[in-house]
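Numbering (this note's numbering), first residue to last: 153 to 486. Idealized CB from N, CA, C, for every residue including glycine. First comes the structure, then the notes that go with it.
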């Protein structure tokens, strides 16, 4: 059985940082008895995390113990009677203590799954969200349609012959861990992809992920502010930029507010400062017939669509909802 005595110590969680500064986080003392099995460890950790108000205690426990043992979640349940070594037990206790301090599991295990890719993540980058996969879906749809049009043009069946045979050029603005750019590159050979970020630290993570998935020769990473690093216009711009209003920061879950980089989340007083700047730059960097795709907050659809229509008066602009029927993407078809 787990031995958790409810005592707390005021120590900063290891690597717990926001904007590069250490954040004081209360950590809870939590121990397992020596010789505890995999099954006992999972049950005890799940119960303790649930008591702390963690939303996904069972999943978090599985991911942390699986990381330590190098096992899949399925393997954990086929070896529930296997005792943990002292080293494994202490490592698991340490991760659970940090999770009790609300440090995100993705940072604890150093990776997050996104669009079928296991991506390295740490405190330099925002943790990729499942909702952002919709951005990839829409971008891939555009690329596939453009590739089909190019093929018809090459065969003399319509389209622009001057563009036939040319790959679709895609710029992922605010690339962070490289999640969107790498997911696009991994799922089509009909595009050239670049990722842009203002943070050199984030770009280092993106480049590491490109190497990890052997996509380093297919995705170029550029350092700079929004579209400024682009040497020429592109066919598709995708962007997951900061869109949280400054006044909302302190009301965010501690997993986010205490650990994830505010540079990647906060978009000024109304949350739209960075998006507003991107929309103003986009007309000069988007080719005729191109597409701009921007992830937004759940209540920002009308405001961002209005910004887009001001800059693209002749474009088709729509708000795309996610699977929970929340505003998620503004799509601009020029």
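Quick check for students: name the residue ranges of the beta strand (DSSP E) that lie wholly in the stretch 368 to 416, counting only runs of 3 or more.
371 to 375 and 386 to 391
Let me check understanding here. Comparing Cα to Cα, which of 406, 416 and 451 lies closest to residue 250?
Of all alpha-carbon atoms in 406, 416 and 451, the one lying nearest the alpha-carbon of residue 250 is that of 406.
Quick one: Cα of residue 327 to Cα of residue 354, how far?
8 Å
Endpoints, beta strand (DSSP E) assigned at residue 269
269 to 272
Own chain, CB closer than 7 Å to residue 260, minus 5 neighbours either side, in chain order
Only 216, 247, 250 and 251 meet the Cβ criterion.
With respect to the alpha helix (DSSP H) encompassing residue 458, which residues constitute its N-terminal and C-terminal limits?
That run of the alpha helix (DSSP H) goes 453 to 463.
Straight-line CA distance for residue 428 to residue 459?
7 Å
With DSSP as the reference, label residue 255 as helix, strand or coil.
coil
Short of 6 Å in beta carbon distance, which residues of its chain neighbour residue 232, apart from the five on each side in sequence? Order them along the chain.
190 and 191
Can residue 433 and residue 378 be called in contact, C-beta distance under 9 Å?
yes
Check whether the stretch 328 to 342 and the stretch 268 to 276 are in contact - that is, three or more C-beta pairs closer than 8 Å.
yes
Within the same chain, show all residues whose beta-carbon is closer than 7 Å to that of residue 204, passing over the 5 residues directly before and after it, in chain order.
The answer, listed in chain order, is 252.
Among 373, 202 and 244, which has the Cα closest to the Cα of residue 222?
Nearest C-alpha to residue 222: 244.
Quick one: complete beta strand (DSSP E) runs, 3+ long, within the stretch 320 to 360?
320 to 325 and 343 to 349
Let me make sure I understand the geometry here. Which of 242, 320, 357 and 352 has the alpha-carbon closest to that of residue 337?
320
If you reduce the DSSP assignment to three classes, tell me which class residue 293 lands in.
helix
Within this structure, are the beta carbons of residue 396 and residue 437 separated by less than 9 Å?
no
Mapping DSSP to helix, strand and coil, what is residue 280?
coil
Could you tell me the boundaries of the alpha helix (DSSP H) in which residue 470 lies?
No alpha helix (DSSP H) holds residue 470; the beta strand (DSSP E) holding it covers 468 to 473.
Would you decide whether residue 281 is buried or exposed? Buried here means 16 or more other CB atoms lie within 10 Å of its CB.
exposed
In terms of alpha-carbon separation, which member of 334, 480 and 414 lies closest to residue 449?
480
Ignore the nearest five residues each way along the sequence and tell me which others in residue 154's own chain have a CB closer than 6 Å to its CB.
Unreliable positioning characterises residue 154 in this predicted model, as indicated by a pLDDT of 43, which lies under 50. The coordinate reading is nonetheless provided below. Answer for residue 154: 184 and 196, listed in chain order.
Inspect the beta-carbon positions of residue 188 and residue 256 and report whether they are closer than 9 Å.
no
Which value, in whole angstroms, describes the spacing of the CA atoms of residue 416 and residue 230?
40 Å
If I follow the unbroken beta strand (DSSP E) through residue 440, where does it start and stop?
Following the DSSP letters along the chain, one finds residue 440 inside the beta strand (DSSP E) bounded by residues 438 to 447.
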